[in-house]
Amino acid sequence: MTTTATLGSTLRNGFQRWQFWLLLLILGLLSVALIQSLNDEDMDRFGLQNTALDGYAALAGVLEDQEVQIHQAASAEIARDLMTEHPEAPLVVLSTGDVPDAAFNEGLRERDQRPVVLLSEGPELLTALYPEGPASYAGTHPGGGSSTALEAGAQCPVDAAVNAATVQAPGALFFGDAPGCFIGFSEDAGEAQMLIETNAGLLFGGPAAFTNQNITDAGHAALALWLFGAEDDLIWYTPMGVDTLDDQQWASPMDFLPDWVVPLAWWLLLCVLVMMLVLGRRPGPVVGEPLPVQVPGAETAEGRGRMYQSANAVAASARTLRSAHLIRLARLLRLGAAPQEASIIAAAARQVRRDPAQLEGLLAQQPRRNSELVAYAQALAQLEDEVQRAALNHHPGAHPAGGARDGLGAGQTSTDRTHLNRQQGKNTSND
22 MTTTATLGST LRNGFQRWQF WLLLLILGLL SVALIQSLND EDMDRFGLQN TALDGYAALA
82 GVLEDQEVQI HQAASAEIAR DLMTEHPEAP LVVLSTGDVP DAAFNEGLRE RDQRPVVLLS
142 EGPELLTALY PEGPASYAGT HPGGGSSTAL EAGAQCPVDA AVNAATVQAP GALFFGDAPG
202 CFIGFSEDAG EAQMLIETNA GLLFGGPAAF TNQNITDAGH AALALWLFGA EDDLIWYTPM
262 GVDTLDDQQW ASPMDFLPDW VVPLAWWLLL CVLVMMLVLG RRPGPVVGEP LPVQVPGAET
322 AEGRGRMYQS ANAVAASART LRSAHLIRLA RLLRLGAAPQ EASIIAAAAR QVRRDPAQLE
382 GLLAQQPRRN SELVAYAQAL AQLEDEVQRA ALNHHPGAHP AGGARDGLGA GQTSTDRTHL
442 NRQQGKNTSN D
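Quick note: the sequence shown uses the numbering used here, first residue 22, plus one each step.
Printed below as a string of structure tokens:
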């Protein structure tokens with residue numbers, strides 16, 4: 022129980038001490054996330070404006086230099102409109118895991134003479150186009166260097182692949198009924214090729230060959246120019262998950278969020294629950310205590326001082342010190358029950374032989390920092406000590422400071438001295 026109470030108290034104190042910086046950190050992270058979400062820079066893999074190693078910005082720049090205008094389509098509907106607007110423009114379908122809807126795939130299988138290039142490094146696009154053949158997925162090609170380069174081969178019927186000669190990028194291999202290009206391996210099912218011809222168009226399994234990192238390797242640049250630079254217009258369609266929805270379906274906002282959002286949300290929820298459990302748990306059962314409770318004055322003063330210190334209430338502490346010293350000065354000078362402040366200052370100035378304006382300026386100070394508050398308290402304590410010594414020295418019949426050390430001065434009765442000691446005791450208790 023003690024360990025739990027100590028841990029909870031430590032956490033609460035730490036949270037109160039660092040809550041401003043924690044809030045500032047959270048606001049900073051939210052600002053970074055908001056700026057990142059509003060950033061227009063293309064960071065998608067194989068994105069035409071992506072300048073990273075896995076982007077297509079170099080390819081897009083070369084095609085623009087060749088006066089090829091790329092028309093990007095983010096959905097099947099936009100791709101259909103662009104195909105109607107540019108009836109002779111080649112079509113590129115780049116699949117990064119998502120596939121077009123069934124109607125668009127049907128249109129590809131029954132296409133006219135429009136050149137179509139299908140780019141996919143996995144089996145998803147081929148499976149969507151031909152669930153039961155005649156082409157099928159054969160596996161992956163590791164790529165990674167000249168030792169794993171694939172030759173176009175003498176059987177290759179595609180002029181673009183023949184001119185490129187070799188490909189050494191990683192990607193997918195496919196089985197097809199007709200001869201293809203860039204053979205990876207052969208087995209009983211046939212030859213696994215990276216580029217095959219289908220009724221829907223040319224299917225190339227190595228889109229990584231055209232990234233900024235690999236475009237200058239082997240024959241990748243030549244293959245890209247032959248495939249994409251034949252006409253002045255080029256339709257570039259990248260399917261998204263929304264394309265598979267029906268016309269009457271609504272897309273969920275979760276479809277547009279990154280994959281790390283959901284795990285992060287669960288983790289933050291768990292952290293909040295743990296914090297609520299730790300901060301909200303009672304250290305122990307409620308302890309009944311009979312009333313009234315007597316609390317010594319010194320403990321009350323100390324508790325109030327700690328409260329002021331925690332709240333950094335310098336002005337309130339200064340006002341409390343000023344009032345307390347004025348009360349004690351009035352008692353030392355025997356000015357009655359409720360004297361005016363000006364009367365206290367004038368009487369104290371006469372007692373210590375100082376300028377009243379100086380004392381009034383001392384009491385009117387307004388500390389703003391803890392260091393100034395400490396100096397202010399020390400100055401008030403010094404003034405009170407001077408008034409107390411002056412009251413003892415100037416008491417009727419009292420000797421100077423040297424004769425008052427041993428107790429009673431000449432002419433000073435024990436009753437008067439006892440009364441003065443009691444008064445000093447009360448002042449000390451009020452501190």
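Glycine residues also receive a C-beta, built at the ideal position from the N, C-alpha and C atoms.
Because the structure is a prediction, the values reported are computed rather than measured.
Helix, strand or coil at residue i [DSSP, three-state]
i    : result
I365 : helix
V89  : coil
Q270 : Summary for Q270: the model assigns pLDDT 49, below 50, so the residue's position carries little reliability, and this model does not support an answer.
T219 : strand
F460 : No information on residue 460 is available, as it lies outside the stretch 22 to 452 that the chain covers here.
V308 : coil
W281 : coil
L246 : helix
F231 : helix
V83  : helix
L69  : coil
G188 : Here residue 188 is Val; the residue named in the question, Gly, does not match the sequence. V188: strand per DSSP, three-state reduction.
A213 : strand
L224 : strand
Q379 : helix
L374 : Note on identity: in this sequence residue 374 is Arg, with Leu being the wrong assignment. Coil, per DSSP.
G357 : coil
G301 : helix
G49  : helix
F41  : helix
A351 : helix
V120 : coil
R33  : helix
H107 : coil
M296 : helix
S450 : Here the model assigns S450 a pLDDT of 41, short of 50, so the residue's position is not dependable, and the following value carries that caveat. Note: S450 maps to helix in three-state DSSP.
A54  : helix
T237 : coil
A334 : coil
A251 : coil
G418 : Residue placement at G418 cannot be trusted, given a pLDDT of 48 that sits under 50; the coordinates are not used to answer.
V183 : helix
Whole-Å CB distance - residue i paired with residue j, under 8 angstroms assumed
i    : j    : result
L139 : V114 : 5 angstroms
V179 : A239 : About 16 angstroms; that fails the 8 angstroms criterion.
P228 : G192 : 7 angstroms
A182 : A173 : 5 angstroms
L80  : A245 : 6 angstroms
L224 : F203 : That pair is no contact at about 12 angstroms.
R343 : E405 : Actually they are not in contact, since the Cβ atoms of R343 and E405 sit about 12 angstroms apart, beyond 8 angstroms.
I365 : L347 : 6 angstroms
L194 : A159 : 4 angstroms
A18  : D75  : Because the chain spans 22 through 452 in this model, residue 18 falls outside it and cannot be assessed.
Q87  : G250 : 5 angstroms
L354 : A369 : 7 angstroms
A199 : G164 : Rounded, the Cβ-Cβ distance is 24 angstroms, inconsistent with contact.
A73  : N233 : 7 angstroms
R66  : T148 : So it is not a contact: roughly 20 angstroms between Cβ atoms.
L150 : A242 : In fact, because the Cβ distance is near 28 angstroms, the residues do not count as touching under 8 angstroms.
G386 : A336 : The residue asked about is misnamed: residue 386 is Gln in this sequence, not Gly. With a Cβ gap of about 11 angstroms, Q386 and A336 do not count as contacting.
Endpoints, alpha helix (DSSP H) assigned at residue i
i    : result
Y397 : 391-414
D96  : The sequence as given places Ser at residue 96; Asp does not occur at that position. Looking at the DSSP string, S96 is not in any alpha helix (DSSP H), and its letter there is neither H nor E.
Q386 : Premise fails: Q386 is in no alpha helix (DSSP H) and is neither H nor E.
T321 : 318-331
Unbroken beta strand (DSSP E) run spanning residue i, endpoints
i    : result
Y77  : Where Y77 is concerned, there is no enclosing beta strand (DSSP E), given that its DSSP letter is neither H nor E.
L255 : 254-258
E208 : 202-208
L115 : 112-116
Near the ligand MN: residue i beta-carbon under 7 angstroms from a heavy atom
i    : result
I366 : With respect to small molecules bound, the structure shown includes none, and the ligand MN cannot be examined in it.
Neighbour flag for residue i against chain B, beta carbons, 8 angstroms
i    : result
P228 : Of the protein chains in this structure there is only one, and it is not chain B.
request  = Please go through the region 125-181 and give each complete alpha helix (DSSP H) segment of 4 or more residues, from N-terminal end onward.
outcome  = 145-150
ask   = For the region 129-137 against the region 199-210, are there 3 or more C-beta pairs whose distance is under 8 angstroms?
value = no
query = If we count Cβ pairs, one from each stretch, closer than 8 angstroms, do we get three or more for the region 253-261 versus the region 86-99?
reply = yes
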